[in-house]
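Protein chains in written order, with this note's numbering: chain P, 1 to 22; chain Z, 1001 to 1308; chain U, 2001 to 2216.
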Amino acid sequence: LLPCEVEHNGPARVGQYFSPAV
Amino acid sequence: MDLSAFEADNSRSCRLASGIPEACRTEACCLGIDEAGRGPVLGPMVYGICFCPVSMKQRLQDLKVADSKTLSEEERERLFRKLDKAKDFVGWALQVLSPNTISTSMLQRVKYNLNALSHDAAIGLVQYALDCGVQLKEVYVDTVGPADKYQDKLSQRFPGVEVTVRPKADSLFPIVSAASICAKVARDHAVKDWQFVEELGETEMQYGSGYPNDPKTKAWLSQHLDPVFGYPQLVRFSWSTARTLLQSKAVPVHWDDDDDGEGGEKASAAKQNCSSVLSYYGRKKNEGAKRLPHRYFTERALETVGDL
Amino acid sequence: AEQWVVIAPDSVVEAPKKAETEPVFIRLRNPKTDEASLYLLSNNTQQLYEVKAFKEEYHSWFIGQTVQHDGRLLFITPMDPLFLVLPYFLKAGKEGKFQPVDQVVVDEDFPCCSRLLKCPKTLQALCHITEEKEIGGQKFNRYSKEKTLEWLKKKVDRTVKALKSSNTCVGGAVKSSTFIRTKHNSEEKEEDYIRYAHGLISEYIAEDLSLDLHKY
């Protein structure tokens, strides 16, 4: 769940730009 | 030049330094400060210092490090190798300010602008030299903002050191030129060997000069804009060039604090929607109002779903 | 958007035996607001669920390698179908006649409401809100206010128990729901619990009935 609203539905290069961490 | 410390995490800023020549610990030294990469929209900005004993200024001049701005990348590389070989009397240190640090500093709530960032980088490097035992007597630096104010600031910060702030200091003082070469070579390497943390596959590094008005740079920025994530961390997203492209080609993204401190339409719209204080007094008409949800739901931001 | 993020009990997503018995979302008349709300019938209409959404401003989802604009988190929770059937009996009760249930639970705007009668719980539980007669093998029902209020009181009592066991703050003071006291808050009176529980049950009934229940 993101703390921002992204005005888009569709593919996103999540794995390339986003690196989850605990 | 070994930039592995910066390459390990190029989202952060990093200090790199040569060893300290013994002569610099025993003799009065002069120190020059210069920067590389202030204007480009890509890559780090590098602050560099170079120092040597005052008595060896002529030896430095003999290395022919002057006029670094007119040099090609290969010539700068060659001169840096000369400086590096002169390690018996020349020392250098660099502060590599990552594009991510520049951008986040400029955009954070309490703004940390580029001039302040520059001043602090320079001051940090001078202090580093002092902490390493360099017997500093003279400091030469190019102007960042008003020259007299900068000179006063540095003089107060480093009492007992003679500070000279001049425009085009790199062409006036060989020690500044030497610092300029160190900074420029570091920036050249950092950009050429940039490791994209974003897994973008083969990324074209032909971005021209990196300056915002360079058509090749603009083309590169257009090609490497992700509509959701924006730019790789190589790009200074606080630069207006980057922001303008994002506004026109990326998807809109809204944050809770979008209006904070920026005034503008939403803030004034919010003011217009405020009720008069008087509306809270007096009898209210029965508006046939809807029954409000129970606080159990409102406190938890839960609402009934009418439709998906 | 073609996907949503949902938290639901296993019973909702248990694999159906046949395609036509898959869980379905349906829009029915909300008993409190009279407007359309979303509900879900589990496979083979075994169980009714209501759909609530956690919704705050400025949220979206990353789901795998996609981004979803709609930042809501949907909660699907079991619900007593009697709450949805009750408004129809309330309305029919004004005529004072015993009627077959399939002639009472009829709605032009929400024709799906008849599916509620396929829920086993619905028919079994009608006796809590109606008087029943059987004539010639056919059953007839008429709304009973006394029975309904008694049934709703039981709902309130159960809700009070649930509020206490979940340590929900029901007092007048404002407190963060994530704040956990180490000592039991003795300032919350029984009346506060009943008032709060009445308010929660009122989320599922018409206003007039809520007022009657409050007096009861």
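Cβ coordinates follow ideal geometry from the N, Cα and C atoms, glycine included. It should be emphasised that the depicted structure is a prediction, and the values quoted were computed from it without experimental measurement.
*Please confirm if residue 1968/U has its CB atom under 8 Å from at least one CB of chain Z.*
This structure leaves residue 1968/U out entirely; chain U is present only between 2001 and 2216.
_Give me the chain U residues within the contact set of residue 1301/Z, using Cβ-Cβ distance strictly less than 7 Å, ordered along the chain._
2054, 2055, 2056
*For residue 2013/U, decide whether its Cβ has a neighbour in chain Z, counting only Cβ atoms nearer than 8 Å.*
no
_Alpha carbons only, please: which of 2087/U, 2109/U, 2158/U, 2111/U is nearest the one belonging to residue 2126/U?_
2087/U
*Mark residue 2162/U as exposed unless 16 or more other C-beta atoms lie within 10 angstroms of its C-beta, in which case mark it buried.*
exposed
*How far does the alpha helix (DSSP H) with residue 1188/Z in it reach, from first residue to last?*
1174–1192
*asked:* residue 2119/U and residue 2029/U - do their beta-carbons sit closer together than 8 Å?
replied: no
*Quick one: is residue 1197/Z near chain U, going by C-beta distance under 8 Å?*
no
*Would you check if there are 3 or more beta carbon pairs closer than 8 Å linking the region 1131–1146 of chain Z to the region 1102–1112 of chain Z?*
no
*Buried/exposed call for residue 1255/Z, threshold 16 Cβ in 10 Å*: exposed
*Cross-chain neighbours of residue 2067/U in chain P, by beta carbon under 9 Å*: 2, 6, 8, 9, 10, 11, 12, 14
_Members of the region 2036–2052 of chain U near chain Z, C-beta cut-off 7 Å_ = 2036, 2037, 2038, 2051, 2052
*Which of helix, strand or coil does DSSP assign to residue 1029/Z?*
strand
*Just mark residue 1184/Z as buried or exposed, buried being the case when its beta carbon has 16 or more other beta carbons within 10 Å.*
buried
*Same chain, Cβ closer than 7 Å to residue 1207/Z, neighbours up to 5 away in sequence not counted*: 1042, 1216, 1217, 1220
*Is there a Cβ from chain P that is less than 8 Å from the Cβ of residue 2004/U?*
no
_When 1188/Z, 1144/Z, 1166/Z are compared against residue 1072/Z, the one with the closest alpha-carbon_ = 1188/Z
_Secondary structure of residue 1063/Z, DSSP reduced to three states_ = coil
_Every unbroken alpha helix (DSSP H) within the region 1134–1174 of chain Z, with a cutoff of 4 residues, ordered by chain_ = 1147–1157, 1169–1172
*Taking 8 Å as the CB-CB limit, is residue 2059/U close to chain P?*
yes
*asked:* Rounded to whole angstroms, what is the Cα-Cα separation between residue 1123/Z and residue 1292/Z?
replied: 60 Å
*Which whole-angstrom value is the C-beta distance of residue 1174/Z and residue 1060/Z, which I expect to be below 8 Å?*
5 Å
*Whole angstroms is fine: what's the gap from residue 1243/Z's alpha carbon to residue 1010/Z's?*
21 Å
*In whole angstroms, what is the alpha-carbon distance linking residue 1007/Z and residue 1194/Z?*
7 Å
_Counting only beta-carbon separations shorter than 8 Å, does residue 2093/U have a partner in chain P?_
no
*Specify the secondary structure class of residue 2024/U as computed by DSSP and reduced to three states.*
strand
*Could I get the ranges of all uninterrupted beta strand (DSSP E) runs contained in the region 2047–2134 of chain U, with 3 residues as the minimum, in chain order?*
2048–2054, 2061–2063, 2066–2068, 2073–2078
*By a C-beta neighbour count over all protein chains shown, 10 Å radius and 16 as the cutoff for buried, is residue 1149/Z buried or exposed?*
exposed
_Sheet register partners of residue 1015/Z (DSSP bridge)_ = 1095/Z
*Count the other CB atoms within 10 Å of the CB of residue 1032/Z; is the residue buried (16 or more) or exposed (fewer)?*
buried
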